[in-house]
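Right, one structure below, let's go through it.
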Amino acid sequence: MRFVIQRVTEASVTIDGEISGKIGKGYLVLIGVADTDTKEIADKMIRKMIGLRIFEDEQGKTNLSLADVDGGLLLVSQFTLYANCKRGNRPSFIEAGKPDMANEMYEYIIEKCGESVDEVQTGEFGADMKVQLLNDGPFTILLDSDQL
Numbered sequence: 001m002r003f004v005i006q007r008v009t010e011a012s013v014t015i016d017g018e019i020s021g022k023i024g025k026g027y028l029v030l031i032g033v034a035d036t037d038t039k040e041i042a043d044k045m046i047r048k049m050i051g052l053r054i055f056e057d058e059q060g061k062t063n064l065s066l067a068d069v070d071g072g073l074l075l076v077s078q079f080t081l082y083a084n085c086k087r088g089n090r091p092s093f094i095e096a097g098k099p100d101m102a103n104e105m106y107e108y109i110i111e112k113c114g115e116s117v118d119e120v121q122t123g124e125f126g127a128d129m130k131v132q133l134l135n136d137g138p139f140t141i142l143l144d145s146d147q148l
């Protein structure tokens, strides 16, 4: 499982001209799922993400968590995080989770995040989405379950 976490001052997802999800300060999280991922892996990734202290305190140190700043989450599924570009110029996505399983994991992640974070907004699994964000810093972190 892969999470690309972007600290934002605002972010939104639009589908067919309609805003699907929108947050102010918080994290825009792009979520990639592999066939080998489990709910236990998702739980570990969620705990790590929510516990990250990447917001600045009054001394300008990245010492505050999402909860400390009352931040929101905008969760967006993105199978392209599993693009394999080793051969040729056209990426292969065979390492990405099958749609039914990946959607189930995405919905599980949304539900679990909602247990810890007051504001959880989403995109739509499999939709053509337009994502806008104002990356704060910029500050972007890649969490990969194979490295945790």
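At position 13 of the sequence shown the residue is numbered 13 (full-length UniProt numbering), and the sequence of numbers has no breaks.
Even glycine gets a Cβ: it sits at the ideal position worked out from N, Cα and C.
Proximity test, residue i beta-carbon vs the ligand PLP heavy atom, cut-off 6 Å
i, result
"Ala96", "In the structure shown, the ligand PLP is absent, as is every other ligand, since no ligand is present at all."
Cutoff 7 Å; reference residue i; Cβ partners in own chain excluding five residues on either side
i, result
"Cys113", "Ile46, Leu73, Leu75 and Val120"
"Ile31", "Phe3, Leu75, Val76, Ser77, Gln78, Tyr106 and Ile109"
"Thr62", "Arg53, Ile54, Phe55 and Glu56"
Closest Cα partner of residue i within the set the options
i, options, result
"Thr14", "Ile54, Thr140, Asp128 and Leu142", "Asp128"
"Ile110", "Pro99, Lys98, Gly123 and Arg90", "Gly123"
"Phe3", "Thr62, Phe79 and Glu58", "Phe79"
"Leu143", "Ile41, Val8 and Ala11", "Ile41"
"Lys48", "Val29, Gln59, Gly60 and Ala11", "Val29"
"Lys39", "Leu133, Glu95, Glu104 and Leu134", "Glu104"
Start-to-end residues for the beta strand (DSSP E) that takes in residue i
i, result
"Met129", "Met129 to Asp144"
"Lys61", "From DSSP, Lys61 is part of no beta strand (DSSP E); its letter is neither H nor E."
"Ala96", "Note, Ala96: premise wrong, no beta strand (DSSP E); not H, not E."
"Ala11", "Arg2 to Ile15"
"Gly72", "Gly72 to Ser77"
"Gly26", "Gly26 to Gly32"
"Val121", "Looking at the sequence shown, residue 121 is not Val but Gln. Looking at the DSSP string, the run of the beta strand (DSSP E) that includes Gln121 is Val120 to Thr122."
Range covered by the alpha helix (DSSP H) that runs through residue i
i, result
"Lys22", "It is not in any alpha helix (DSSP H) - Lys22 instead sits in the beta strand (DSSP E) that spans Glu18 to Ile23."
Residues of its chain near residue i, where Cβ-Cβ distance is below 8 Å and the 5 sequence neighbours each way are ignored
i, result
"Lys44", "Ser145 and Leu148"
"Arg50", "A small fix is needed here, since residue 50 is Ile in this sequence, not Arg. So the qualifying residues of the chain are Ser65, Leu66, Ala67, Cys113, Ser116 and Val117."
"Lys130", "Val13, Thr14 and Ile15"
"Phe93", "Phe79, Thr80, Tyr82, Ala83 and Asn84"
CB-CB length for residue i against residue j, believed under 8 Å
i, j, result
"Met1", "Asp35", "With 8 Å as the limit, Met1 and Asp35 do not qualify as a contact, their Cβ atoms being about 11 Å apart."
"Gly26", "Gly71", "3 Å"
"Gly137", "Arg7", "6 Å"
"Thr140", "Ile23", "That pair is no contact at about 16 Å."
6 Å CB neighbourhood of residue i in its chain, flanking five on each side removed
i, result
"residue 207", "Nothing about residue 207 can be read from this structure; the chain reaches only from 1 to 148."
"Gly97", "Val33, Ala34 and Asp35"
"Ala11", "Ile23, Leu28, Leu74 and Leu133"
Is it true that the stretch 64-79 meets the stretch 109-120, where meeting means three or more beta-carbon pairs spaced less than 8 Å apart?
yes
Flag this pair as touching only if the stretch 10-25 and the stretch 81-89 have three or more C-beta atom pairs under 8 Å; answer yes or no.
In short, these stretches do not touch, since the Cβ pair count stays below three.
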